[in-house]
Amino acid sequence: MSSIRYRQNYKHHVYTKSDSGLIPALLRNGEFAFRPFGGFLPFEDDEEYQLVKLVNLTAYTVEKNGVEVWEDIRSGYYVLGCYRYGAYFILERNNGIFALEK
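If you read the sequence shown in my numbering, its first letter stands for residue 9, the second for the next number, and so on.
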């Protein structure tokens with residue numbers, strides 16, 4: 009199952025879409041807005057999204073065939089996501105995510 013690893017202070021949490029864990033997005037004024045993690049959505053060029061910058065994520069996995077391999081997200085990067093259905097979703101394309109430098 010697809011999961012993320014989120015750092016809160018000095019603790020790491022692992023969330024899947026079935027968990028009710030809250031993750032932060034960076035607002036324009038520099039504050040954080042916390043919403044539940046909704047999972048992963050495929051990025052479609054013709055779809056309109058309310059894009060968000062997800063922060064403090066340290067790794068993700070897109071498990072296939074029962075093999076869980078974690079891909080690290082570099083420090084100083086945020087993950088491109090979207091706000092939909094009251095939750096934050098990570099946008100993925102070609103089995104990867106959009107990680108952009110802060």
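Note that beta-carbon positions come from the ideal geometry of N, C-alpha and C, so glycine has one too.
Just so we're clear, the structure is a prediction, and the values are computed from it rather than from any experiment.
Endpoints, the beta strand (DSSP E) within which residue i is located
i	result
residue 108	107 to 109
residue 100	95 to 101
residue 11	11 to 16
residue 92	85 to 92
residue 68	65 to 69
residue 19	19 to 24
For residue j and residue i, the rounded distance between their alpha carbons
i	j	result
residue 101	residue 47	14 Å
residue 99	residue 85	15 Å
residue 78	residue 37	32 Å
residue 62	residue 55	19 Å
residue 35	residue 60	8 Å
residue 69	residue 14	12 Å
residue 66	residue 83	7 Å
residue 28	residue 43	9 Å
Buried or exposed (CB count within 10 angstroms, at least 16 for buried), residue i
i	result
residue 32	buried
residue 11	buried
residue 87	buried
residue 18	exposed
residue 108	exposed
residue 97	buried
residue 45	buried
residue 89	buried
Opposing strand residues paired with residue i [DSSP bridges]
i	result
residue 43	31
residue 48	98
residue 104	101
When the options are compared against residue i, the one with the closest alpha-carbon
i	options	result
residue 30	103, 94, 84	94
residue 21	64, 110, 105, 51	64
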